[in-house]
Amino acid sequence: MCPHGLDDARPWHCSPRVLRLIVALALSCEETGSVAGGEGGNEEEERSGEALRVLIDRVTTNARAARRLAGVLDAALLNEACGYYGLCVSELASRWASVRAAAPAREAAALLWASARAPGSPMRLLEERIADDLEVRALRTMATTARTADALRWPSPPRLTRRAGQGRGERRLSAGSLAGRGR
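Next up, the structure:
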């Protein structure tokens, strides 16, 4: 039995983490929910990623669901991935290096999918590196968005200072400063 719960004819060789990224980049929330067997697409599920979690859990333990997802991903990424199939790991790595800072989501998904369909541990290392790059890029985008939106920041805590009549180790907040903190 293979680590993904599939027979030797499993449709991919990547980790569940990489598969989750491929699905998230390639399919809409509605498509993810549809493949998972549910309604999908509702706003609450999209925020929590529940449909994606359910789908990844199902396809890593059920060969039929895995083949169905593989067919959906093959169809969704056909145009983008066809240029990557059959490339060796160094060629895929070179292509990723040339576009990694600004690769569109579907292009990244296609490269990962082509790699995931190919056997070999060097491909797994490349996939994990690409997944790391994508996560860092997403985090940087979130940080930049928060800064440009002038997001609210946590207020700084008041500084404890000694007042007249207090000894060296007796610093504390005054009742007035505590009342002002309950905005």
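Mapping of the sequence shown onto full-length UniProt numbering: position 127 corresponds to residue 127, and the numbering continues sequentially without gaps. Even for Gly, the Cβ is constructed at its ideal location relative to N, Cα and C.
Nonlocal neighbours in the same chain, by C-beta distance under 6 Å from residue 69, ignoring five residues either side: If the five residues before and after residue 69 are omitted, its C-beta is found closer than 6 Å to the C-beta atoms of 35, 59, all from its own chain and listed in chain order.
Burial state of residue 40 (16 or more Cβ within 10 Å): Any reading at residue 40 must be qualified, since the residue scores a pLDDT of 48, below 50, and its modelled position is unreliable; the value itself is stated next. Buried, by the Cβ-count rule.
Integer Cβ distance of residue 55 from residue 89, believed to fall under 8 Å: The C-beta distance from residue 55 to residue 89 rounds to 27 Å, too long to meet the 8 Å contact threshold.
Nearest-angstrom Cα separation, counted from residue 76 out to residue 32: Whole-angstrom Cα-Cα distance: 12 Å.
Length of the line joining the Cα atoms of residue 16 and residue 82: Computed Cα separation, rounded: 23 Å.
Cβ-based burial, residue 201 [other Cβ within 10 Å; buried from 16]: Limits of the chain in this structure are 1 at one end and 183 at the other, which puts residue 201 out of reach.
Contact under 9 Å by Cβ, residue 134 with residue 27: Contact: no.
Outcome for residue 47 when other beta-carbon atoms lying within 10 angstroms are tallied against a minimum of 16: At residue 47, the pLDDT of 48 sits below 50, so the modelled position is not reliable; the number obtained from the coordinates is stated separately. With fewer than 16 other Cβ atoms inside 10 Å of its own Cβ, residue 47 counts as exposed.
Where residue 29 falls: helix, strand or coil (DSSP): In the structure shown, residue 29 adopts helical secondary structure according to DSSP, grouped into three states.
Under 9 Å between C-beta atoms of residue 116 and residue 80: Not closer than 9 Å, so no.
Residue 98 in three-state terms, based on DSSP: Under the three-state reduction of DSSP output, residue 98 falls in the helix class.
For residue 18, the three-state DSSP class (helix, strand or coil): Here residue 18 sits in helix by DSSP.
Chain-order list of residues whose beta-carbon lies under 6 Å from that of residue 124 (same chain, five-residue window excluded): Excluding residues within five positions, none has a Cβ falling inside 6 Å.
CB contact flag (residue 139, residue 14, <9 Å): Taking 9 Å as the Cβ cut-off, residue 139 and residue 14 do not qualify as a contacting pair.
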